[in-house]
Amino acid sequence: MDFTLSHEQQMIYEYGENLLKDFSRDYWVDCAERREFPTDMYKKVARDGFVGIMVPEEDGGAGLGMMEMVLLQEGLSNMGIPLQSLVVGATMSLGPIGKHGTVEQKQKYLPAGCVGDIRFCFAITEPDAGTNTMRTSTMLTASSGGGYKLNGRKTFITDAEGSDYMLVVARNIAHNEAPRKTDGFTIVIVNTRSPGIEMHPIEVSIPLPEKQYQIFFDDVEVAATDVLGEVGRGFDILFESLNPERMILAAMCCGMGRYAMGRAVEYANDRVVFDRPIGAYQALQHPLAKAKTEVELASLMTRKAAWLFDNGQRCGEEANMAKLAASCAAVNAIDASLQCFGGNGFTREYGIFDLYPFARLLKTAPLNNEMVLNYIAERGMGLPRSY
Amino acid sequence: MDFTLSHEQQMIYEYGENLLKDFSRDYWVDCAERREFPTDMYKKVARDGFVGIMVPEEDGGAGLGMMEMVLLQEGLSNMGIPLQSLVVGATMSLGPIGKHGTVEQKQKYLPAGCVGDIRFCFAITEPDAGTNTMRTSTMLTASSGGGYKLNGRKTFITDAEGSDYMLVVARNIAHNEAPRKTDGFTIVIVNTRSPGIEMHPIEVSIPLPEKQYQIFFDDVEVAATDVLGEVGRGFDILFESLNPERMILAAMCCGMGRYAMGRAVEYANDRVVFDRPIGAYQALQHPLAKAKTEVELASLMTRKAAWLFDNGQRCGEEANMAKLAASCAAVNAIDASLQCFGGNGFTREYGIFDLYPFARLLKTAPLNNEMVLNYIAERGMGLPRSY
Amino acid sequence: MDFAISDEQRMIYEYGKSLVKKFDRKYWVEKARQHAFPTEMYQQAADDGFVGLMVAEKYGGAGLGMMEMALLQEGLSNEGIPLLSLIVGATMSMSLISDHGTEEQKQQYLPGACKGENRFCFAVTEADAGTNTVNITSLTRSVKNKQRYVLNGRKTFITDAECAEYMLVVTRSTALKDVQRKTDGFTIVLIDTRAKGIEVHPINISIEVPEDKYTVFFDDVDIGPENIIGELNKGFEILFESLNPERIIISAVCTGLGRYALGRAVEYANERVVFDRPIGAYQALQHPLAKAKTDIELASLMMRKAAWLFDRGEACGTESNMAKYASSEAGIYAVDSALQCFGGNGFTKEYGIFDLYPIVRLFRTAPLNSEMVLNYIAEREMGLPRSY
Amino acid sequence: MDFAISDEQRMIYEYGKSLVKKFDRKYWVEKARQHAFPTEMYQQAADDGFVGLMVAEKYGGAGLGMMEMALLQEGLSNEGIPLLSLIVGATMSMSLISDHGTEEQKQQYLPGACKGENRFCFAVTEADAGTNTVNITSLTRSVKNKQRYVLNGRKTFITDAECAEYMLVVTRSTALKDVQRKTDGFTIVLIDTRAKGIEVHPINISIEVPEDKYTVFFDDVDIGPENIIGELNKGFEILFESLNPERIIISAVCTGLGRYALGRAVEYANERVVFDRPIGAYQALQHPLAKAKTDIELASLMMRKAAWLFDRGEACGTESNMAKYASSEAGIYAVDSALQCFGGNGFTKEYGIFDLYPIVRLFRTAPLNSEMVLNYIAEREMGLPRSY
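Residue numbers (the numbering used here), protein chains in the order written: chain A, 131 to 517; chain B, 131 to 517; chain C, 110 to 497; chain D, 110 to 497.
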């Protein structure tokens with residue numbers, strides 16, 4: 131075993147600190163309050179080579195792995211600036227295109243995606259299917275001209291309107307007609323401005339720059355060249371991208387937890403009530419120390435999952451454990467921090483409560499922790515299916 | 131609303147304190163370590179009129195209700211001496227006989243039961259049925275002489291060998307032949323020394339005076355006059371006794387929690403480490419204060435359930451809530467207390483850890499908290515069945 | 110013991126069910142989003158006689174007690190429409206005037222308040238004192254007129270300070286160094302919020318409730334004997350009396366909102382089908398709801414016991430603190446468990462489940478944080494040594 | 110980063126799987142019930158070369174590190190057969206002698222200890238000191254012979270004190286009032302447990318483990334320079350070095366026993382059918398198991414990181430404390446979740462699930478309670494002020 135980060139990895143992990151020299155956290159918070167994508171910051175991250183971190187070098191990326199992506203996001207989140215676009219764009223869209231795209235697709239999307247000229251979002255969730263992805267009812271049907279038509283509805287699609295392209299998880303065979311339930315999935319790359327696409331923002335109670343959308347596809351034309359990988363074999367691609375998603379979200383949670391606790395430690399050392407700094411009261415101190423422990427443990431598991439992934443080994447159990455533990459750790463860390471701030475924690479000025487909604491969301495989305503536990507129980511422990 | 135206890139109730143609640151004048155807690159602990167029934171103490175409680183607390187006055191009892199029984203047990207447990215025989219004997223056996231017994235049955239069992247000359251146990255759990263009582267497979271079949279024969283197996287029967295009589299929950303119609311699943315239950319009163327009864331002690335990791343037994347019935351003869359209530363209608367009687375069981379166990383939990391915390395408060399005020407009494411450290415103090423709150427809340431709900439029961443109102447939801455909350459509160463209270471005692475808490479001399487196994491058992495037995503939650507969810511909230 | 114509530118109490122408890130027909134959760138949420146006081150709803154409650162619940166009949170009230178006020182608030186919160194201004198106004202300020210005001214003060218303020226014509230806010234918290242009760246807002250003799258005083262200083266997190274017509278202010282009238290016990294030397298004054306020298310700044314809060322919070326600055330505000338409630342320098346005792354009612358009524362908000370969240374979750378969990386069963390049939394979602402239900406009902410019992418003791422004039426500090434602690438925890442857990450049932454929908458404004466969270470979470474921290482509550486229980490009730 | 114363990118490490122980690130074929134959980138439980146040292150099992154581990162894992166090859170050991178020792182203990186505990194004497198003996202005492210003993214001391218004690226011919230116990234805790242490190246067991250110059258010392262005082266909760274041949278004792282050799290820092294003036298002495306003036310009393314403990322705990326009394330025990338480990342008055346530094354390994358190996362016991370409990374529960378929950386489904390299909394039982402599994406695996410990772418740092422000679426205090434805290438909590442939760450699956454059977458001696466609880470619970474309290482562990486993390490790692 132070796133727990134050392136390489137020099138390059140260390141630098142990637144610390145990138146968040148550098149970014150803060152050009153963009154204050156207030157910039158991000160301001161974007162979040164106005165629900166406006168932090169375009170300038172994102173472009174800077176892209177130009178510095180971090181959006182294409184997992185894209186092969188020949189396609190304009192850095193040719194690195196999931197470990198580096200996780201370290202990048204963790205480092206940014208340590209500073210209180212989690213970048214959701216790194217999840218749905220850099221990790222879940224650019225990654226699969228780099229791995230499964232045709233030469234033409236790679237040339238069209240990757241260099242521009244890496245420098246931040248175009249952005250991607252990822253459309254999977256549907257209102258009726260919920261966590262049961264097998265029930266996907268967005269249908270891809272062959273059209274006369276050798277292409278396809280896309281029909282259906284997606285929901286909770288992050289940054290859909292701001293993105294230029296969208297990876298859409300569709301079915302070319304309806305779920306009740308597929309021989310095996312994982313058959314008949316196809317992933318297509320769709321221009322978000324295509325005719326037949328309608329988007330409605332969903333108002334959510336979470337202060338984040340990236341907006342959520344409900345999307346309607348009405349006979350949207352999709353060319354055969356827009357299919358990622360093979361028709362009907364989309365589930366394999368999808369499946370590959372779910373573990374990275376869990377890891378990068380886990381990294382985000384660890385970082386946000388650390389950010390909150392860093393703020394709390396500072397405040398708790400400073401604020402004196404009853405003649406002692408409040409950090410000296412165990413009722414405030416120990417919840418912080420427990421949360422700190424949870425965060426550091428979750429961070430280790432996240433890295434182990436990324437390491438397994440980069441080594442081509444099975445990482446499902448580890449990725450799920452990391453997501454479960456990190457989301458709980460972040461919520462506990464933020465809550466323990468909030469309690470230190472008293473009423474001030476609830477003001478926009480201090481902004482501690484404002485960290486909570488997003489962390490809490492990650493216990494529920496993109497996959498709720500109950501489904502994560504189901505996975506661990508069945509796959510990791512050999513318990514029977516419970517749902 | 132009126133939260134006052136009557137003078138008589140107050141006296142019953144404080145009986146535990148009086149009992150300690152004659153029997154030290156060490157007497158009970160010694161019985162527990164030797165797995166020996168605290169006969170002298172039990173006889174004293176009976177002679178003082180407390181075993182027959184729920185038995186009508188004409189049958190030798192005090193003619194009081196569930197509230198008084200709960201207060202009695204809570205008060206005894208406050209002193210660290212929970213009396214299990216009050217559960218299976220006084221509450222679950224004498225109660226139903228008083229209510230459903232024939233004149234002959236009452237005369238035969240109640241006066242002697244009230245003064246402690248005979249003891250009762252209650253046989254319901256079966257190894258294969260587990261929490262699914264409907265699957266009871268101990269069968270009562272008609273025999274030639276107008277009586278019945280009892281066959282089957284029971285497990286985890288408290289104080290079976292020490293008891294003189296046993297209420298046995300049997301089926302006169304097998305579960306897969308009963309029109310409704312609650313049909314075909316019959317409760318019979320059986321002399322524990324009857325031919326055909328075999329008992330095996332079950333070794334459990336819980337220091338209690340009352341032993342647990344596995345019981346085998348092999349063609350045990352039961353007279354028609356030993357049937358409690360009507361043949362085939364036993365479920366109604368059974369059902370009536372389950373809520374009182376939960377209440378009295380909840381009372382026991384509240385008392386044990388208070389006992390542990392009382393010990394901890396004393397120790398934590400006395401023991402000085404790093405120049406302050408350890409009770410001044412919030413890491414020890416706040417878990418105690420939380421547990422105290424939990425115990426007092428659970429106690430209130432227990433009393434509400436008993437009050438409803440005595441008023442002939444539905445009390446299932448309240449009884450289940452009381453059992454759930456009290457068992458969790460007791461475990462938390464004991465654990466928080468244990469932590470105050472450091473290594474000493476694990477010694478027989480201080481005996482704090484020794485309080486834990488029984489409290490923990492009550493999260494699992496006689497009905498596990500998961501089934502309790504199922505009840506609350508379905509009956510109290512209208513959620514669908516989950517098992 | 111008697112756990113039954115009277116018919117009148119039941120009617121009060123169920124008032125929320127009728128009020129919500131006119132002013133539903135949507136109305137409340139809309140007001141919350143605008144940070145606008147729910148004037149129409151408040152007026153309706155006043156017209157129906159519920160604002161003056163604890164005020165003597167002689168002054169326009171109903172002459173009832175804390176139990177009824179708590180039941181009222183719990184019932185409103187059960188429907189998702191808590192009237193938060195009942196805390197600082199009807200419960201704390203009006204009872205305080207009712208109990209300690211002069212005949213003139215009572216006649217001047219109470220009938221109008223009962224009718225909803227004017228409202229009260231209550232200014233205790235100071236930025237630099239936090240949970241510590243040192244107090245720097247000062248009341249000093251006027252130099253110009255020996256019969257009068259001037260009020261100076263600053264209060265923060267004062268609910269409804271801009272819209273309320275009157276404000277009760279806890280002030281230090283004898284300097285800390287000149288008193289024997291640090292609780293000596295406080296005076297409570299009742300002032301018009303439009304008086305000269307008062308400035309009010311809204312605090313930008315991450316919680317959407319109709320009633321905003323403010324920082325209030327006092328600069329030589331003129332105070333006369335007619336403004337003083339109770340005796341000069343004896344204000345702490347009066348203040349102290351209003352703290353238990355505050356905890357009790359906050360407890361009622363939490364148990365009510367918890368029930369509201371659970372009710373919404375039960376409805377949704379019975380309808381929403383994933384993997385061929387209604388999601389309410391999955392124990393991973395169902396059991397947290399059932400635990401939360403249990404926590405809520407237990408906390409509600411303790412809240413009622415505290416109110417019952419208060420109305421009998423008995424000590425209710427432990428019970429009020431236990432109720433407040435347990436209710437806020439139960440409310441948080443209930444909302445969180447409900448939220449998990451709703452999946453992503455729970456975080457949308459349309460479903461509005463997450464939107465219940467900030468307010469219950471606030472009550473773990475305010476007006477007194479749970480740590481101080483536990484300190485109280487540990488010391489006063491259990492006899493453990495002081496830990497802070 | 111590299112999360113792989115080497116082939117040799119894997120073999121060590123899996124040693125438990127082969128040892129358990131000869132000495133299974135039943136053997137261990139029987140020894141525990143008799144409070145008898147598991148001599149045969151210990152001897153087998155020694156014969157197979159595992160007791161001297163951390164001792165240099167020159168002295169009969171394997172020359173490996175903390176990582177291997179932790180993996181060994183974790184692997185044994187995975188099978189439900191933790192060798193608790195590896196904590197105070199192989200991990201703490203033998204490494205200490207190996208690192209700080211004189212050449213003579215090493216040659217005298219280590220080869221025999223590696224072969225299992227003699228065992229060590231480790232005496233730190235004192236009744237009156239508790240978690241506080243004030244120390245009253247004293248080492249003073251002998252009046253009769255200036256070259257020698259006498260040991261007086263009392264130690265408590267000393268594991269295996271009666272059966273072990275040797276004991277390391279932490280003593281105060283310069284009075285507290287004469288030292289600059291309170292950690293100055295300690296000396297560690299190595300004594301024969303049969304030496305004159307030593308008396309040993311068993312402590313009646315509510316936990317069934319093979320290794321008993323004792324109170325040890327020292328009455329003018331003769332000590333010479335040959336008994337002193339390291340330098341006189343510099344014992345605290347040596348002691349300090351052995352505390353992180355203790356936390357690491359205890360962490361390994363907890364994660365291993367947690368896995369053992371979960372393994373048993375999974376087996377049972379797949380078999381036992383109630384209401385027509387195996388009980389493992391009910392989320393109310395299944396999800397706690399899955400959470401516990403997650404907690405265990407996370408804690409195990411941190412434990413390994415701590416061992417890895419230790420072997421590299423890097424600071425590992427935070428990691429060791431985090432590992433100990435998280436592992437004991439995870440172990441407790443795992444055993445409790447497993448227990449709930451077994452119903453009443455879990456409390457029987459036959460199934461023996463509850464019997465796993467006392468030992469994991471003990472590690473929330475001993476050798477250092479979780480509160481002190483959290484204090485360490487808060488102060489040293491997070492920079493919060495001292496709270497005690």
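Here a beta-carbon is modelled for each residue, glycine too, at the ideal position from N, C-alpha and C.
Practice item. Classify aspartate 116 (chain D) as buried or exposed, calling it buried when 16 or more other Cβ atoms lie within 10 Å of its own Cβ. Key: exposed
For alanine 399 (chain D) versus leucine 503 (chain A), is the C-beta distance shorter than 8 Å? yes
- Name the residue from B:Ala272, B:Arg301, B:Met264 whose alpha carbon lies nearest to the alpha carbon of glycine 282 (chain B). B:Arg301
- Message: Taking 7 Å as the limit between beta carbons, can you name the residues of its chain near glutamate 447 (chain A), skipping five residues before and five after?
- Response: Ile506, Arg509, Gly510
Original post:
Going by other Cβ atoms of all chains shown within 10 Å of its Cβ, with 16 needed for buried, is glutamate 166 (chain D) buried or exposed?
Top reply: exposed
Counting only beta-carbon separations shorter than 8 Å, does glutamine 392 (chain C) have a partner in chain B?
yes
Are the C-beta of methionine 175 (chain D) and some C-beta of chain A separated by less than 8 Å?
-> no
Chain B beta carbons: is any one of them nearer than 8 Å to that of aspartate 398 (chain C)? Note on residue identity: the sequence assigns leucine, not aspartate, to residue 398 (chain C). Yes, because at least one Cβ of chain B sits closer than 8 Å to the Cβ of leucine 398 (chain C).
Expressed to the nearest angstrom, what Euclidean distance is found between the alpha-carbon atoms of glycine 219 (chain B) and methionine 171 (chain B)?
-> 15 Å
Check: Quick one: is serine 136 (chain A) buried, meaning 16 or more other Cβ sit within 10 Å of its Cβ, or exposed?
Finding: exposed
Is leucine 410 (chain C) near leucine 430 (chain B), with beta carbons less than 8 Å apart? yes
Nearest chain A C-beta to histidine 330 (chain B) closer than 8 Å, yes or no?
no
Determine the burial state of threonine 302 (chain C): buried for a count of at least 16 other Cβ atoms within 10 Å of its Cβ, exposed for fewer. buried
Considering only residues of the same chain and omitting the five flanking positions on each side of glutamate 188 (chain C), which have a CB-CB separation below 6 Å? Gly125, Val129
- Task: Compare the C-beta of isoleucine 316 (chain D) against all C-beta atoms of chain B and say whether one is closer than 8 Å.
- Result: yes
So proline 354 (chain D) and phenylalanine 419 (chain D) are in contact, right, with Cβ under 8 Å, and what is the actual spacing, rounded? 7 Å
Point to revise | Pairwise C-alpha distance: phenylalanine 112 (chain D) and alanine 424 (chain D) | key: 20 Å
Residues that alanine 455 (chain B) contacts on chain C, provided the C-beta gap is smaller than 8 Å: Thr403, Asp404, Leu407
What does the alpha-carbon distance come out to for the pair methionine 443 (chain C) and leucine 213 (chain B)? The sequence as given places alanine at residue 443 (chain C); methionine does not occur at that position. If you take the alpha carbons of alanine 443 (chain C) and leucine 213 (chain B), they lie about 35 Å apart.
Have a look at asparagine 498 (chain A) and leucine 492 (chain A) and give me their C-alpha separation to the nearest angstrom.
8 Å
According to DSSP, is isoleucine 114 (chain C) helix, strand or coil? coil
Alpha carbon to alpha carbon, how far is methionine 203 (chain D) from cysteine 458 (chain B)? Give it in angstroms, no decimals. 43 Å
**Asked** Are the segment 332 to 344 of chain C and the segment 380 to 392 of chain C in contact at 8 Å, needing three or more beta carbon pairs?
**Response** no
Note to self: Please tell me whether glycine 472 (chain A) has its Cβ less than 8 Å away from any Cβ of chain C.
What the structure shows: yes
Would the beta-carbon of threonine 288 (chain A) fall within 8 Å of that of glutamine 342 (chain A)? yes
**Message:** What are the residues in the segment 409 to 424 of chain A lying within 7 Å of chain B by C-beta distance?
**Reply:** Tyr411, Gln412, Ala413, His416
query = What is the DSSP secondary structure of phenylalanine 349 (chain C), reduced to helix, strand or coil?
reply = helix
Given this structure, state the Cα-to-Cα distance separating histidine 305 (chain A) from phenylalanine 315 (chain A), to the nearest angstrom. 9 Å
DSSP on lysine 151 (chain B), reduced to helix/strand/coil?
helix
*Just curious, the alpha helix (DSSP H) that histidine 416 (chain B) is in, first and last residue?*
412 to 440
Could you pull the start and end residues of the beta strand (DSSP E) that isoleucine 297 (chain D) belongs to? 295 to 301
TODO: State yes or no: is the beta carbon of aspartate 484 (chain B) nearer than 8 Å to at least one beta carbon in chain D?
DONE: yes
According to the Cβ coordinates, are cysteine 244 (chain B) and alanine 290 (chain B) closer than 8 Å? no
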